[in-house]
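Numbering (my numbering), first residue to last: 3 to 183.
All residues carry an ideal CB built from backbone N, CA and C; glycine is no exception.
See structure below.
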Amino acid sequence: MQNEYPWYYYELKGLSDGSEVSLEQILVLNYKNELKAANDIHDEEEQNEQRRRINGKEEQRESPNEQLIAFGYLEQLAGNGFGANHHGFVFTYNGLYPKTSRIKNCLSRQLLNRLILTVENEQQLDQILKTQLTAYGFNLNVVRFRCSDGTPQKYILSYKIGPSNDNEKRNQYNHRITYWG
Numbered sequence: 003m004q005n006e007y008p009w010y011y012y013e014l015k016g017l018s019d020g021s022e023v024s025l026e027q028i029l030v031l032n033y034k035n036e037l038k039a040a041n042d043i044h045d046e047e048e049q050n051e052q053r054r055r056i057n058g059k060e061e062q063r064e065s066p067n068e069q070l071i072a073f074g075y076l077e078q079l080a081g082n083g084f085g086a087n088h089h090g091f092v093f094t095y096n097g098l099y100p101k102t103s104r105i106k107n108c109l110s111r112q113l114l115n116r117l118i119l120t121v122e123n124e125q126q127l128d129q130i131l132k133t134q135l136t137a138y139g140f141n142l143n144v145v146r147f148r149c150s151d152g153t154p155q156k157y158i159l160s161y162k163i164g165p166s167n168d169n170e171k172r173n174q175y176n177h178r179i180t181y182w183g
């Protein structure tokens with residue numbers, strides 16, 4: 003992650019600095035389903051002094067111009083539940099969490115969700131879903147209200163993605179499209 007998507011690493015580091023929670027714990031929280039450590043580390047109902055205060059500071063860092071709105075949990079990258087971007091895409095996610103998962107060379111679903119929020123078109127989305135390896139299966143629902151050129155186009159996509167058995171080179175991938183209006 004640090005080499006391929008340094009801006010997400012720096013965002014997580016900023017979460018760590020601002021919340022005064024160790025970077026290791028922040029990273030584990032963002033890989034919690036892959037590591038099956040959620041109950042040992044994080045409880046969404048839990049409130050403590052560290053989580054009540056976040057100190058922000060402006061720093062210059064390399065990052066893409068992401069324009070999105072997304073639901074987020076404390077100390078995790080935004081985009082885990084649902085989100086939308088300025089290219090007319092709206093996304094929702096559902097995951098299946100097995101007892102063991104394949105994490106070698108895989109992005110966590112938290113990071114994959116955030117990466118998906120940056121897509122400009124369906125071809126980029128397809129490329130990400132086929133090639134960014136996932137540790138376990140999930141469902142992605144996508145609504146498109148307009149194309150990048152402003153042309154109205156309304157459709158719904160439903161993707162089912164999961165680890166493949168081909169030496170961890172590609173995901174299993176299936177999708178369906180429905181047009182309306």
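Nearest residue (CA-CA) to residue i, options the options
i	options	result
Leu-114	Trp-182, Asn-96, Gly-16	Asn-96
Asn-123	Ser-103, Lys-101, Tyr-157, Lys-106	Tyr-157
Ile-163	His-177, Thr-153, Gln-155, Pro-154	His-177
Glu-22	Trp-9, Leu-76, Gln-69, Ala-72	Leu-76
Tyr-161	Glu-6, Leu-14, Gln-174, Glu-68	Gln-174
Thr-120	Ile-71, Val-30, Thr-153, Leu-31	Ile-71
Arg-146	Asp-19, Arg-111, Thr-94	Thr-94
The alpha helix (DSSP H) enclosing residue i, as first and last residue numbers
i	result
Gly-185	Nothing can be reported for residue 185, as the shown portion of the chain is limited to 3 through 183.
Lys-106	Run containing Lys-106: none; DSSP gives neither H nor E here.
Leu-37	34-37
Cβ-based burial, residue i [other Cβ within 10 Å; buried from 16]
i	result
Leu-131	buried
Ser-24	exposed
Leu-98	exposed
Asn-107	exposed
Tyr-181	exposed
Gln-78	buried
Lys-34	buried
Lys-134	Correcting the residue type first, residue 134 is Gln in the shown sequence and not Lys. Classification for Gln-134: buried.
Supposed contact pair residue j and residue i - C-beta distance, whole angstroms, cut 8 Å
i	j	result
Gly-74	Gly-81	7 Å
Pro-100	Thr-136	Pro-100 to Thr-136, Cβ: 12 Å. No contact.
Leu-142	Ile-118	7 Å
Ala-11	Met-3	Here residue 11 is Tyr; the residue named in the question, Ala, does not match the sequence. Right, their Cβ atoms sit about 6 Å apart.
The ligand ADP heavy atom lying under 7 Å from the CB of residue i
i	result
Ile-179	This structure lacks the ligand ADP; in fact it carries no ligand of any kind.
Minimum Cβ-Cβ distance from residue i to chain C less than 8 Å
i	result
Leu-109	The structure shown has no chain C; it contains just one protein chain.
Collapsed DSSP secondary structure at residue i in the structure displayed
i	result
Thr-136	strand
Thr-180	strand
Leu-159	strand
Arg-111	helix
Ile-172	In the sequence under discussion, the amino acid at residue 172 is Arg, which differs from the Ile named in the question. Coil.
Glu-47	Interpretation of Glu-47 is limited by its pLDDT of 45, a score under 50 that renders its predicted location unreliable; the figure taken from the coordinates is listed afterwards. Note: Glu-47 maps to coil in three-state DSSP.
Leu-119	coil
Leu-142	strand
Boundaries (first-last residue) of the beta strand (DSSP E) holding residue i
i	result
Val-92	91-97
Leu-70	70-72
Gly-85	84-87
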